[in-house]
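Numbering (the working numbering), first residue to last: 620 to 816.
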């Protein structure tokens with residue numbers, strides 16, 4: 620009668636999917652320079668007090684369009700929902716081949732707009748490098764910087780990677796960098812800059 624928790628969540632998110640879909644035609648007509656300028660516009664709106672949740676439909680529409688242009692991949696409705704779930708701090712269970720890597724671009728871009736840095740966790744260094752290069756094309760097209768923190772790099776390289784808008788790395792790397800940072804004597808010695816998203 621009332622549906623499962625998942626069904627209720629999907630029902631709650633579906634109007635946002637429709638809103639994003641409604642923006643697709645308008646966003647697709649923007650030239651590359653206009654599309655790229657959206658990042659600066661969104662950041663200004665955040666500075667003026669607008670929330671990430673308020674920006675979500677437009678930001679997701681921009682990422683979808685950038686994905687089509689740069690990666691030749693279009694986010695499907697189910698991937699938009701997955702992105703919203705991740706943005707909400709929840710886990711989105713997806714099977715192999717359903718586009719987890721592409722889904723992540725939606726909340727990663729949105730949360731990177733706040734300027735606090737976003738960590739994208741992978742299971743190994745190969746995937747961290749691969750995904751930073753592959754999805755990094757989309758982020759860089761939209762004016763965001765991308766770093767990779769992997770084993771074997773120097774603390775100076777880790778420091779630079781964590782200064783990027785988006786930092787890719789494996790779970791162990793992020794965990795051990797956190798532990799090493801907590802043993803430093805001064806904040807200036809730390810490589811990470813906090814934990815935002």
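We put the CB at the ideal spot given by N, CA and C, even for glycine. Being a predicted model, the structure only gives us computed values, none of them experimental.
Cutoff 8 Å; reference residue i; Cβ partners in own chain excluding five residues on either side
| i | result |
| --- | --- |
| residue 629 | 700 |
| residue 674 | 661, 664, 665, 729, 732 |
| residue 741 | 747, 750, 787, 788, 789, 790 |
Alpha-carbon to alpha-carbon, residue j and residue i
| i | j | result |
| --- | --- | --- |
| residue 693 | residue 684 | 7 Å |
| residue 765 | residue 626 | 35 Å |
| residue 798 | residue 810 | 11 Å |
| residue 670 | residue 730 | 10 Å |
| residue 717 | residue 696 | 12 Å |
| residue 698 | residue 805 | 42 Å |
| residue 793 | residue 769 | 9 Å |
| residue 800 | residue 623 | 43 Å |
| residue 767 | residue 686 | 21 Å |
| residue 776 | residue 634 | 43 Å |
| residue 802 | residue 657 | 40 Å |
| residue 772 | residue 652 | 35 Å |
| residue 723 | residue 688 | 17 Å |
| residue 752 | residue 721 | 13 Å |
| residue 754 | residue 807 | 30 Å |
| residue 618 | residue 781 | The question about residue 618 has no answer, for the chain in this structure spans 620 to 816. |
| residue 779 | residue 737 | 14 Å |
The beta strand (DSSP E) enclosing residue i, as first and last residue numbers
| i | result |
| --- | --- |
| residue 786 | 785–789 |
Residues that DSSP places opposite residue i in a beta bridge
| i | result |
| --- | --- |
| residue 768 | 788 |
| residue 737 | 785 |
Neighbourhood of residue i by C-beta, 7 Å cutoff - its chain only, sequence neighbours within 5 removed
| i | result |
| --- | --- |
| residue 647 | 684 |
| residue 680 | 639, 642, 643, 646 |
| residue 690 | 756, 757 |
| residue 632 | 700, 703 |
| residue 677 | 642 |
Start-to-end residues for the alpha helix (DSSP H) that takes in residue i
| i | result |
| --- | --- |
| residue 810 | Per DSSP, residue 810 belongs to no alpha helix (DSSP H) and is neither H nor E. |
| residue 747 | 744–753 |
| residue 712 | It is not in any alpha helix (DSSP H) - residue 712 carries neither H nor E in the DSSP assignment. |
| residue 647 | 624–647 |
| residue 691 | Premise fails: residue 691 is in no alpha helix (DSSP H) and is neither H nor E. |
| residue 653 | 651–666 |
| residue 730 | 719–731 |
| residue 684 | 671–685 |
Same chain, Cβ closer than 6 Å to residue i, neighbours up to 5 away in sequence not counted
| i | result |
| --- | --- |
| residue 719 | 713 |
| residue 725 | 679, 682, 702 |
| residue 784 | 731, 763, 764 |
**Message:** If contact is defined by three or more beta carbon pairs under 8 Å, each pair taking one atom from either stretch, is the segment 758–765 in contact with the segment 704–712?
**Reply:** no
**Message:** When you compare the segment 785–794 with the segment 744–752, are there three or more beta-carbon pairs, one atom per stretch, that lie closer than 8 Å?
**Reply:** Yes: at least three Cβ pairs fall under 8 Å.
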